[in-house]
Amino acid sequence: MLITCPYCGPRGVIEFTYQGDGNRERPDPASQNFEAWNAYVYDRLNPAGDHNEIWQHSGGCRAHLRVVRNTLTHEISSVAFVRGDHGSAARRKAEDKA
Amino acid sequence: MMAEYSAFSLLANALKGNKDWKPAWRKPDPKASYDVIIIGGGGHGLATAYYLAKEHGITNVAVLEKSWLGSGNVGRNTTAVRSNYLLPANTRFYEHSMKLWEGLSHELNYNVMFSQRGCLNLAHTPAQFDDYARRGNAMRHLGVDAELMTPAEIKRLIPALDISSDARFPVVGGLMQRRAGTARHDAVAWGYARGADRRGVDIIENCEVTGFLRDGDRVTGVTTSRGDIRARKVAVAVAGSTGRVMQLAGIATMPIESHVLQAFVTESLKPFIDTVVTFGMGHFYMSQSDKGGLVYGGDIDGYNSYAQRGNLPIVDEVMSEMLALFPGLARVRMLRSWGGVCDMSMDGSPIITAGPLPGMYLNCGWCYGGFKATPASGWTFAWTIAKDEPHEFNAPFTLDRFHRGLVIDDKGQGANPRLH
Amino acid sequence: MVERQSPLEPEFHVGSHGNFEHGVDILLTETRPGSIVQLAAWPGEEKRLIAAIRSVTGLALPDGAGGGVNDGVKSVFGFAPGKFTAADDAEGLAAAFAKAVTPEIGTVTDLSHGRTAIRIAGPKAEWVLAKFFAIDFALPAFPVGAGRSTAHHDVFAQIQRTGADQFDIYVFRSFARSFWKALCHASEEVGYEVQ
Amino acid sequence: MSPRRTDTGGRIDRLKTIRFTFDGVAYTGHAGDTLASALLAKGVTLFGRSFKYHRPRGLLTAGVEEPNALVTVLKGEVREPNIPATMVEIHDGLVAISQNRFPSLAWDVNAVNQLGGKILSAGFYYKTFMGPVIGPLKGTRFWMFCEHFIRRAAGLGSAGSAKDPARYERMNAFCDVLVVGSGPAGLMAAKAAADHGARVILADLEPRFGGSTNWSDETIDGAPAADWARRTVTQLEGRDNVRLLPRTTVWGYYDNNTLAALERVSDHKEQPAKGEPRHRYWAIRAKSVVLATGAFERPLVFPGNDRPGVMLAHAAERYANEFGVLPGERIALFTNNDSAYRAAVALKKAGAAIVAIADVRSELSAEMRKLATEAEAEIFGGHAVVATEGGKALSGIKVQRFEMVTGALTGEERSIHADCLLMSGGWSPTIHLASQAGAKAEWNAARQAFLPPKPTQQWIGAGAFTGSFSTVEAIAEGRAAGLAAAGGTGTPTALPTVEAVAGDPDPAPVCEIRAKGKSFVDFQHDVTSEDVRLAHREGFVSVEHLKRYTTLGMATDQGKSSNVPGLAIMAEALGKPIPEVGTTRFRPPFAPVSIGSLAAERFGDLRPERLTPMHDWHLANGATMYSAGLWYRPMIYGHAGETVEQAYVREARATRESAGIVDVSTLGKIAVQGPDAAVFLDRVYTNMFSTLAFGKARYGLMLREDGLAFDDGTTWRLGEQDFLMTTTTANAGKVMQHLEYFLDVIWPELKVHVTSVTDEWAGAAIGGPKARQILAACVTGTAVDNATLPFMGIVRGEIAGVPVMICRLSFSGEMAFEVYSGAGHGTRVWEALVEAGKPFGLVTYGLEALGTMRIEKGHVTGAEIDGRTTARDLHLDWMLSKKKPFIGSAMMDREGLIASDRLELVGLIALDNRPLNGGAHIVEALDEANPHGSIGHITACCYSPALGKHIALALVEGGKARHGTRAHVSDPLRNRFGPVEIVSNHFYDPEGTRMHG
């Protein structure tokens, strides 16, 4: 399986660390809503099909990526920095052509 | 009633050219309603049906299997059976399973080839050896067999193992459970299926559940590819497919992730290793099948997947760890690899409970330890379904334990399923 | 300045090794730069950081993720979004950057001791590196000057191509000896010389 | 009569003689021979024994799909079992032996299993061996008793335990087009793609490129097909953008067009070159793939079809044309399709007599009749072979009139004298890789074959792989596929011309002749057609059940030749078409792969070693090293004759009496920099860091999101926006990822950078009553007195001319300092400290003494922060700030985490003054015979020189409340039982007067 890191290009899955379900929302740090905390820590979407998930390119640039990947076929339909574009992402294109 | 299997029946049939053997289980069409529907014709679902009939006299039961019987993890695992856990809740449960295993071939009149050849966990540092001692002592304090082995004893048991001190991770000792071992995985599914069938359970293959029939919150049956089927109780035992099936019931999130686990077998070899062995400085386990193939595996691939298909990094990792222990196997060849879908829970322990909806019963979260649990899982799940309350053995394995902070985390990894 | 101890020392054997009877296709060296510095910009401040790099080193970074440049004495290349590795034969690069890279722009982290730079050169450099790293080393895919972040199992590596058949590999110092041994081992097939 | 070498012909080098042995007998062959062809040329017909019945078996095939002729290749002590003789290229000194026979291949006692034939049918094991209900063999014992013998009878070759000295390597490759298979289709594809400028890899599992051109009698562009192939290969060899990989089996098709291949680099050589691997594992990322993998011929299922001397028709054609070996002198053929006729002609030309062609079809085309005439063969149209005769070699066959539609056999059996029978049951395209790539094969009734599915990944098929069995089609499809894969469009140039006999690609839909006797479907596993029907009777009708119940297709050939016949027999029994029985999904590998190649460079060196800057000094100064994760750390610096315990007691005692120094470079170190660094640390630690003054350090605790303890360490504030965090050695990587996750995913607004600087700094901790004096003796540029360097203070100075950073903090409980210098100066600083310490009695100490002193102080490490304990369990609740939320604060007070029966940290003192053991459990009342009632366990223990007692840290239920009470250690694993007193975990100097000085 290859994930196309917006910075590093396509890399083997061995370079990445899976950080799971990307739909979870961390409650406000001071929140006392324990249902929300529990859901954040323990409950996961686990769809058969497209899944919105977080990966870290731990064996590369170490950026965290939001990846939409099909859990039935392993096909990846989108990859983006979780943090948003760093300004350097678009610059990948220059080399893709080379 | 079908014939008992025995050496005599084999001989008698052989003399008749094996023409009189009957199907191991019937192929009935689904009825309109049952007392209990069990979704999932894998080991756990079939065992549940068997024990419902045998222990609780509930025989108006259907097991619904979307594909062929035993097509899930019961037919895709590395066949190890053991009860060498650290935490008491797990040890008690798996030890109950072990006891059921010990009588299973007789009970089912089906040889599941349960071979108590032992399971050895290798330790590679003194600290790890102490960890295993802690675990072994925990087992002993619950009446479960466990012993420590020295490198010399280990070498006698497994001559091909590299115990040299210049190994990258030398073996300093190991934890052995002698009563652990292996069983023939498919036979477990077939044996339970035949046993349940003989007690009147309908096993319905190629019948995919497509939705739940509801009366308000209450689950009253299922819709399937072979029509609607009603039931007073609907039990879910679908392991890797838990997420999908619960979504059909409108439950979107669960403390479960489905991950792919690969397993491997070599070409057939003359007896090479007489026990189940695990590596302590990574994740590798191996035994040898009666046919002679070395059956082995390692970690899950580490991402959500329903594909029953893994990728190369784990293949490479598992083989590397294998050769770290058995350098003589470099020229032996991997014959086949396959993948199973594991229902990884948030603490590495299972869920066997009534609910979460009225009329529904849930059995999941087996991570990759489900095969050895098969008898106890079916036994306690049947109890829970029949009595609407858990047995002492599955009482800790609730669904709400995560939220309450009552996790049973044998590996201490927290809510990180890929690490359990 | 006090000379630094190389982590490779007991495994660093100058001379020709492996299958060199038919010629040496690999040269291995430890470049021992005086300074290795990591520079990281806050989001949106990358251009100012690039300008600071130019003012300190005189090197103009080309456009593109992983873009880099090397003048034989100093090198710089991008290895992550907004992040760059700079190296200089001389010591003191971190101090120079500490002045140029203000807190508004980003941070400077001195890694002069923490990373070991190994150079692999020769006609079979791509071949040998491909044994370790699953990145495309072909020149069109990995131009001269460019940098890559990758890993060989537990060993993280930043690699800069410093010539058509020359690469500088920056690895964690604690792993350097293990990696060096593996590199020598993998080079035996084609014959290598340690300089 | 027996097989022999032809006088001329073949693609072997008759001038080069190769010497090898098989089962101890010396043979010769020629360069270019396989073990199979060389032995066959010497008249060998018996190659192996089958798995279950130990029946004598000869060669069935000439290639990778061989199920019968499996051998073990020996290289000294190193064994390579189960290798098809058809895939072994002979070389001087090759030593091969046969397998699964005792005492010899010709006389095998286990052949007695054949007598049990009907009892040993499918499912045999499941129906018996349950054993008695009572007695010594009850329970699982009876089965295990039987299993012992069953296991010894089963199995093929033996694995060894000697370490393979060979080298294995991995290669990561990238290309635009990977072409798998080098027959006419593959060669055309590679050439078209290369001409278009694509980066091409061409792989073939055989040593010779060319595929069928190596044995066909066809011509291409007017030249023999093999010459055309060689010419094409030569053209490709000269190109920079083409990599040719002979002897390379592409075995796996993984996600995103990642393919795995095994190159047998030096198996065919007597000795590999220096540094040359035996096998190279290619992990190939191809933009697109051309699958030109050809097809496998299928056997026919009829009684006696497994007798040595019965082989596939094209295999015989290969032996004759490619290796110059005749598999027999009097050859009969049995076929359901046209392709066998070509083989008949080839063998005739090579010098054999073709005595008969039995064809299940009664209607034969004029072309086939012409070929039969050319072969001077008698045609038996509408006939089937119903029996074979002979022992370990074929002596004759019987044919009978056969009605194709009903399967009825009529008329007299006719005996034909023959020493070789060639069979052809049609062809199955080699679609394994396409199936692995994720799609389901499609049944084609006309071809009687599963054809490749619609691609789910980027591949294009060509040639026989697609069911196009003629060379003309292969050439056209190959070029089109190569061009398309390279992203080009069709060019109108002429294709090479092919001269070949046209045949009908569709076989008759007959795969089994139901006559009396064992008819084999899966040769290696001895699965007969009756076994398939028995599975049907017992309800094991889905293809997966069939496979699992009978073991059909699970042998080393993975059903390459048996899959379709097995399905066809089941389909017939069910009265359903084949596709409704299904096809099994092919899984990696396509053909067995050496485990050595998969471990590749990690074979013999699983993980890299991580070394501290002072590693060599430790070794040179008598340290015994301890492997901690990937790191190596000194365990003790033992003196001659000392035990480990004596050494650590000496080291710890000397440290408390004067001073000791320990290498702490392995501690995780993370630079936390940026304007929001302090805010960030307040969130990740349970205690406050924003209040920390510059030049000061603070001990910090982290929790996980679920509220359990995660890691601890000190963090030093080096500047307003500049912190140096330390972590435990074991958790350094995890903490780093934890911080990065929160910065990238949860709090992207924080301006903080984290960088691993573990390797930047060498760390030496020097502690003890004389530590300060020692420092003062060697540090310049700063004072180290209490005012300048108070507890948790940081100063910068120089030692031995090298800049250092010194923080006064203590793990040992003594007055202690951590001295950090650049890693490249680590040894220099360490040596300077050791030298300065000499007058003061400074000792170097290792992990054992470090652990002893930390136990005496009651500090926690990974043994206690084990992922299941909370801050309260460890009495670290004083660190939980109430002024701010932090990671884990919301979840740490859940009912399960504050329950009164949780395990809490305590100290233990052995009251019997005997050593304690890590992992021992604690009970209130001792019961050695029947241990029970565990209330906790020991996490760490030692002999405390400071206390003169054996002490331990333990996690015990309701711990603190038990202080001052007695309990017992219960360690049945090591038979250690005895009384202990439960005390506070702070054994030694609980007020900290020593470290505060």
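Protein chains in written order, with this note's numbering: chain A, 482 to 579; chain B, 466 to 885; chain C, 66 to 260; chain D, 3 to 999. Backbone N, C-alpha and C define an ideal beta-carbon position, used for all residues, glycine too. What you are looking at is a predicted structure, and each value in this text was computed from that prediction instead of being measured.
Residues near residue i by beta carbon distance below 7 Å, same chain, minus five either side
| i | result |
| --- | --- |
| D:Thr19 | Thr30 and His32 |
| D:Phe542 | Leu548 and Tyr551 |
| B:Thr731 | Gly758, Leu759, Val797, Arg798, Met799 and Leu800 |
Any chain C beta carbon closer than 8 Å to residue i
| i | result |
| --- | --- |
| D:His827 | yes |
| A:Arg543 | yes |
| D:Asp166 | no |
| D:Gln675 | yes |
| A:Phe497 | no |
Residue range of the beta strand (DSSP E) that includes residue i
| i | result |
| --- | --- |
| D:Val971 | Arg968 to Asp973 |
| D:Pro636 | Trp633 to Tyr639 |
| A:Tyr521 | Unbroken run through A:Tyr521 is the alpha helix (DSSP H), Phe515 to Tyr523; no beta strand (DSSP E). |
| D:Asp713 | Ala711 to Gly721 |
Short CB-CB distance (under 8 Å) between residue i and chain A
| i | result |
| --- | --- |
| C:Thr215 | yes |
| D:Tyr743 | yes |
| C:Pro146 | yes |
| D:Glu707 | yes |
| B:Phe729 | no |
| B:Ile502 | no |
Neighbour flag for residue i against chain D, beta carbons, 8 Å
| i | result |
| --- | --- |
| C:Phe162 | no |
| C:Phe240 | yes |
| A:Ala561 | no |
DSSP beta-bridge partners of residue i
| i | result |
| --- | --- |
| D:Thr728 | D:Lys671 |
| D:Cys780 | Beta-bridge pairing links D:Cys780 to no other residue. |
| D:Leu328 | D:Arg6 |
| D:Ala601 | D:Ala601 pairs with nothing; no bridge assigned. |
| D:Ile418 | D:Ile399 |
Other residues of its chain near residue i: CB distance less than 6 Å, five sequence neighbours each side excluded
| i | result |
| --- | --- |
| B:Gly508 | Val539, Val653, Ala654 and Thr839 |
| B:Ala468 | Ser474 |
Span of the alpha helix (DSSP H) around residue i
| i | result |
| --- | --- |
| D:Pro981 | Unbroken run through D:Pro981 is the beta strand (DSSP E), Arg978 to Val985; no alpha helix (DSSP H). |
| D:Lys193 | Pro186 to Asp197 |
| D:Met572 | Asn565 to Leu576 |
| D:Thr236 | Ala227 to Glu239 |
| D:Ala912 | Run containing D:Ala912: none in the alpha helix (DSSP H); it sits in the beta strand (DSSP E), Leu905 to Ala912. |
Minimum Cβ-Cβ distance from residue i to chain B less than 8 Å
| i | result |
| --- | --- |
| A:Asp531 | no |
Proximity test, residue i beta-carbon vs the ligand HEM heavy atom, cut-off 7 Å
| i | result |
| --- | --- |
| C:Gln70 | Only the bare structure without any ligand can be found here, which leaves the ligand HEM out of the picture. |
Cβ-based neighbour list, residue i, same chain, cut-off 8 Å, excluding 5 preceding and 5 following
| i | result |
| --- | --- |
| B:Gly613 | A small fix is needed here, since residue 613 of chain B is Leu in this sequence, not Gly. Closer than 8 Å at the Cβ level, and outside the excluded window around B:Leu613, lie Phe594, Tyr597, Ala598, Gly601, Gly638, Gly639, Leu640 and Met641. |
Completely contained alpha helix (DSSP H) runs for the stretch 775-847 of chain B, where each covers 4 or more residues: 777-790
Which runs of the alpha helix (DSSP H) spanning at least 4 residues fall entirely within the stretch 99-137 of chain D, listed in chain order? 126-129
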